[in-house]
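2 protein chains.
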Amino acid sequence: MTIQQPQTRIQKKNREAILDAALGVFSDHGFRGATLDQIASAAGLSKPNVLYYFASKEAIYTALLSGLLETWLDPLRAIDPDGEPVDEILGYVMRKLQMSREYPRESRLFANEIVQGAPRILDQIEGPLKELVDRTAGLFLGWMDDGRLARLDPHHLVFSIWATTQHYADFSAQVTSILQTEGDAHIDQAETFLRDFYRRALLPDSP
Amino acid sequence: MTIQQPQTRIQKKNREAILDAALGVFSDHGFRGATLDQIASAAGLSKPNVLYYFASKEAIYTALLSGLLETWLDPLRAIDPDGEPVDEILGYVMRKLQMSREYPRESRLFANEIVQGAPRILDQIEGPLKELVDRTAGLFLGWMDDGRLARLDPHHLVFSIWATTQHYADFSAQVTSILQTEGDAHIDQAETFLRDFYRRALLPDSP
DNA sequence: CGTCATCCTGACCGTTTGGTCAATAATTTC
DNA sequence: GAAATTATTGACCAAACGGTCAGGATGACG
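Those sequence lines, one after another, are chains R and X. Whatever position you read off the first sequence (first residue = 1), add 1165 for this note's numbering. Whatever position you read off the second sequence (first residue = 1), add 1165 for this note's numbering.
Below, the structure written as structure tokens:
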């Protein structure tokens, strides 16, 4: 896609610092709520210097989004069509929950974007994301036909996994406020719950 | 709480128009992303006139939030402790999904607020919301002890219901983009899926 | 060391934003 | 229908915002 310019070490360092700072600021305040001054300050650079590396605020944002979508879909791609259906899906749930634990900023960045109508990544959703989800749904359907997985709408099964796992990153303010937990503790609990929950829902009825 | 000022008919009409307009604008763009001009325009009023009825942009926002939280929790309060456990919870899931269908703006308003750390309603979450959830969790626990409901962490069960139902309002851009549905159709599908899904997960194992 | 490209910044600009205010218009009240 | 109250607005303001630019500092390299 993008031409690989010969990046100097300073460029590499500062581009990374800016993207990391922007990830924090954008995920906390959304695109409109974030300011270049906040990003520059968080990156330890001056505002004009930030704009020396990225053409605009929007350029930083889209660079973040497109760079992250890949990582975000990896757990879905890692489902093994030759594995045991329930275990494979439970594994996917756990990997997705793990991402909520390790990358809450990334999760909230997407959440912010999609809640507001996904104006800047709708094409990526309609394209590669839809394709991957459709393919996975087909795999699930096959497993259901073989009687190795409870019969449920496969697309909505994927949605439920996204919803229940990302919830712990996107709405952690609410969750920790109700559970009165600190740090990661609520995700430890979620791990146990989601394993039980999905196992019950997914195990096919004995014939 | 608030003193009931003798509201004139004009006050009533314009306050409602402003809150309705603000609901649309805030849910689409978040607090920071929304502007008073957008709200005023959507309400059919001039900006200074909007500020004649509300002291500030923030006052409009908090008026919306606190006025809506009640409505938002009603479905949870409607769970009947004397009903059949699985049916009661399935009913709650359906009512909550119905709210995603009828009040997507309200759902996205809360989503925006909580994703960004719930800075303006954290106390209401830690107070009345937590209390209601704790009480409901206790009810669920009792049902589990009686063997009338599968044993699962009751708090996280509530979270899963919030996550899976609100997902269809908050992330409808993504869902409809993947399903290629129009309007409400994705929620019709969700209804069937969630009924099957939760029935499987909640029915206790036969003794 | 010299020179050339890269890196960085203070000062600045036009626009947008939340909010004010004095003056005017519309309604209600007596 | 006059007086008093409520409603509405155009003009305005200060601050914040995204972004520009000329020029200086710093680094890479022969």
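Glycine included, each C-beta is placed from N, C-alpha and C at the ideal position.
- The straight-line gap separating the alpha-carbon atoms of proline 1213(X) and leucine 1184(X) is approximately 15 Å.
- Considered as a whole, the stretch 1189-1227 of chain X harbours 1201-1208, 1212-1218 as its complete alpha helix (DSSP H) runs of no fewer than 4 residues, in chain order.
- Of all residues in the stretch 1291-1306 of chain X, those with a C-beta nearer than 9 Å to a C-beta of chain R are Glu1291, Leu1294, Lys1295, Val1298, Asp1299, reading in chain order.
- Counting other Cβ atoms within 10 Å of its Cβ, lysine 1177(X) stays below 16 and is therefore classed as exposed.
- Within chain X, no C-beta atom comes nearer than 9 Å to that of isoleucine 1254(R); the closest sits roughly 13 Å away.
- Three or more Cβ pairs drawn from the stretch 1309-1329 of chain X and the stretch 1357-1370 of chain X lie within less than 8 Å of each other, which places the two stretches in contact.
- Cβ contact annotation for aspartate 1370(R) (same chain, cutoff 8 Å, sequence separation greater than five): Ala1315, in chain order.
- Threonine 1357(R): member of the alpha helix (DSSP H) spanning 1350-1367, first to last residue.
- One finds Gly1195, Phe1196, Arg1197, Gly1198, Gln1281 in chain R with Cβ atoms closer than 9 Å to the Cβ of glycine 1198(X), taken in chain order.
- Between the beta-carbon of serine 1192(X) and that of leucine 1274(X) there is about 4 Å, and that keeps the pair under the 8 Å contact cut.
- Contact with chain R is found for phenylalanine 1336(X), since one of that chain's Cβ atoms lies less than 8 Å from the residue's Cβ.
- Between alanine 1350(R) and alanine 1283(X), the C-beta spacing is not below 8 Å.
- Below the 9 Å Cβ cutoff, chain R contributes Ile1290, Glu1291, Leu1294, Lys1295, Val1298, Asp1299, His1320, Val1323, Phe1324 as neighbours of isoleucine 1343(X), in chain order.
- Residues of chain X with a Cβ closer than 9 Å to the Cβ of aspartate 1361(R) are, in chain order, Ala1315, Arg1316, Leu1317, Asp1318, Ala1366.
- With fewer than 16 other beta carbons inside 10 angstroms of its own, arginine 1242(X) counts as exposed.
- When the beta-carbon positions are compared, glutamine 1281(X) and histidine 1194(R) come within less than 8 Å of each other.
- Chain order gives the chain X residues near phenylalanine 1358(R) as Leu1317, Asp1318, His1320, His1321, Leu1322, Phe1324, Ser1325, where near means a beta carbon separation below 9 Å.
- When only Cα atoms are considered, tyrosine 1218(R) and lysine 1295(X) end up about 46 Å apart.
- Remark: C-beta atoms of leucine 1297(R) and glutamate 1271(R) do not approach each other more closely than 8 Å.
- Look at the stretch 1229-1252 of chain X: it has no residue with a C-beta under 8 Å from a C-beta of chain R.
- Cβ contact annotation for leucine 1262(R) (same chain, cutoff 8 Å, sequence separation greater than five): Thr1330, Tyr1333, Ile1352, Ala1355, Glu1356, Leu1359, in chain order.
- Threonine 1329(R) belongs to the set of residues whose beta carbon lies under 8 Å from a beta carbon in chain X.
- Within 8 Å of the CB of leucine 1287(X), the CB atoms of chain R belong to Ala1338, Ser1342, in sequence order along the chain.
- Put simply, of Ile1290(R), Val1323(R), Gly1292(R), Asp1310(R) the residue whose alpha carbon is nearest the alpha carbon of alanine 1302(R) is Val1323(R).
- In this structure, isoleucine 1204(R) lies away from isoleucine 1175(R), with their beta-carbon atoms at least 8 Å apart.
- When Cβ-Cβ separations below 8 Å define contact, glutamine 1172(X) makes no contact with chain R.
- Under a criterion of Cβ atoms nearer than 8 Å, no residue of chain X is adjacent to arginine 1270(R); the nearest Cβ is some 11 Å distant.
- Taking the Cα of alanine 1276(X) as reference, the smallest distance to any Cα among Trp1327(X), Gln1172(X), Glu1267(X) is reached at Trp1327(X).
- Under the Cβ criterion of 8 Å, glutamine 1176(R) is not counted among the residues facing chain X.
- Residues of the same chain with a CB within less than 7 Å of the CB of proline 1269(R), apart from the 5 flanking positions on each side, are Ala1334, Ser1337 in chain order.
- If you check the CB distance, proline 1246(X) and tyrosine 1257(X) do not come in under 8 Å.
- Distance from the CA atom of arginine 1180(R) to the CA atom of glycine 1248(X), rounded to whole angstroms, is 59 Å.
- For isoleucine 1244(R), the three-state secondary structure derived from DSSP is coil.
- For glutamine 1263(R), no Cβ of chain X is located within less than 8 Å of the residue's own Cβ.
- For arginine 1273(R), at least one C-beta of chain X is nearer than 8 Å to its own C-beta.
- Collapsing the DSSP output to three states places leucine 1317(X) in coil.
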